[in-house]
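Chemist: Here it is, the structure, as structure tokens.
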Amino acid sequence: MDNLKSLLDSKQYDLVLKLTETSTSSNDLFYRISAFFFLGKYEDALYVIQDHQETLESNLPALINAHINLLCVLGRFDQAYTVLDYYNNLPYQSQVVEEILRKMPKIIEAEEKKQTTYKFYSDEEIEQMLRSDKFEDVLLALDTIKNRDILSFLPILKELLVSDSKEAIKSYILMMLVKKEVDRDLVIVKKGKEIKVNPKHLIPPFMGEVFDGVVKGFDKEFKDSTLSQIATQLFSQYSIYIYPEEYPYSIKEYLAAFYLLAKDYASSMNSDLSSLGFANELDLEKINRIKEEIDKMLEEF
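In this note's numbering, the protein residues as written are 453 to 753.
Listed below in structure tokens is the structure:
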């Protein structure tokens with residue numbers, strides 16, 4: 453699995469497809485789907501899901517996200533809602549699956565609106581959407597202005613960075629400005645704290661020693677691939693939430709806290725950390741405090 457992940461990270465998509473050609477492993481099949489997706493072969497990725505649906509359902513969070521995303525990219529929104537009904541009627545319901553299913557209709561709706569109408573929005577309409585109370589409207593507006601002169605929207609984006617908007621919205625705005633290498637001195641308010649930033653000089657999210665160490669640690673330390681997938685998704689959301697601040701805890705503390713969080717989301721009654729190779733090094737009281745702090749952030753995401 454580590455080998456396929458490394459190949460995917462290094463964009464050797466054709467080699468990933470060759471190595472997974474005859475595999476029936478759930479993990480291998482997800483890497484195969486990802487390789488087809490990055491090559492723009494969306495139909496082929498969809499065929500993998502259709503041919504191996506039962507096997508892939510061993511990791512429902514990853515499957516639901518991949519399946520719905522592919523249908524949206526292909527513009528098959530009616531089918532996306534039909535497939536969503538199918539997943540809603542499956543007899544499971546872990547917390548993480550319920551949360552994904554709860555959010556998915558809005559994601560489909562936003563994607564449909566984006567594909568069919570966003571290019572016709574005037575600057576004034578985009579500004580109205582940026583001021584909307586609806587999370588999906590703001591995300592649609594941000595996605596739209598990526599393809600326009602972003603500096604013309606800088607005044608309202610600066611307002612949002614210091615407003616009482618969701619922390620995730622502020623992070624998404626800053627991430628977009630970082631990607632565009634906007635060379636401006638700005639202020640962003642995160643968790644009530646003013647932070648002075650210049651997007652041109654910021655390191656993009658999902659990079660650095662701590663992020664890489666934690667994500668690799670999920671694969672190495674967790675014995676359950678489903679827990680690893682859940683933890684990776686939660687840690688990515690957390691990383692967006694706190695950006696651009698640095699990670700305040702150690703890699704091992706994050707691994708332990710997200711192990712417990714992933715267990716909660718998977719509705720596991722076992723919260724024992726002894727399976728982690730470094731469990732005897734941990735301050736359990738501190739780990740539980742970190743877990744509660746992160747859980748509160750994720751609820752606000």
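Virtual Cβ for every residue (Gly too), placed ideally from N, Cα, C. All values reported here derive from a predicted model rather than from experimental measurement.
1. Tell me which residues share the same chain as Phe730 and place their Cβ nearer than 7 Å to its Cβ, disregarding the 5 neighbours each side in the sequence.
2. Measure the CB-CB distance between Phe670 and Thr684 and report whether it falls below 8 Å.
3. Which residue from Gln531, Lys470, Val634, Ile692 puts its Cα closest to that of Phe658?
4. In whole angstroms, give me the CA-to-CA distance for Glu737 and Asn479.
5. If we ignore side chains and look at the alpha-carbon of each, how far apart do Gly492 and Leu481 end up?
6. By Cβ distance below 6 Å, which residues in the same chain neighbour Gly665 in space, the five residues on each side in sequence not counted?
7. Taking a contact to mean a Cβ-Cβ separation below 8 Å, would you say Lys743 touches Leu713 in this structure?
8. Sorted by chain position, which residues of the same chain lie with C-beta nearer than 7 Å to Ile746's C-beta, five sequence neighbours on each side aside?
9. Examine the ligand NAD and report whether any of its heavy atoms sits within less than 7 Å of the Cβ of Ile559.
10. If you count every other CB in all the chains shown that lies within 10 Å of the CB of Phe605, and 16 or more means buried, which is it?
11. Quick check on Thr474: buried or exposed, where buried means 16 or more other Cβ atoms within 10 Å of its Cβ?
12. First and last residue of the beta strand (DSSP E) that includes Glu646?
13. Give the range of the alpha helix (DSSP H) segment to which Ile516 is assigned.
14. Tell me the residue span of the alpha helix (DSSP H) that contains Val630.
15. Is the beta carbon of Lys566 closer than 8 Å to that of Asp595?
16. In angstroms with no decimal places, state the Cα-to-Cα distance between Gln547 and Lys555.
17. Could you tell me which whole alpha helix (DSSP H) segments of length 4 or greater appear in the region 674-702?
18. Does the Cβ of Asn511 have 16 or more other Cβ atoms within 10 Å, making it buried, or fewer, making it exposed?
19. Can the beta-carbon of Tyr717 be found closer than 8 Å to that of Ile694?
20. Taking the alpha-carbon of Leu686 as reference, which of Pro513, Phe489, Phe488, Lys470 has the nearest alpha-carbon?
Modeler: In short, the structure shows the following:
1. Lys704
2. yes
3. Per the Cα distances, Ile692.
4. 34 Å
5. Gly492 and Leu481: Cα-Cα distance of roughly 17 Å.
6. Ile703
7. yes
8. Tyr690, Ala709, Leu713
9. As far as ligands go, the structure on display features none, and thus does not contain the ligand NAD.
10. Phe605 should be labelled buried.
11. exposed
12. 645-649
13. 512-525
14. 619-631
15. yes
16. 13 Å
17. 677-694
18. Asn511 comes out buried.
19. no
20. Pro513
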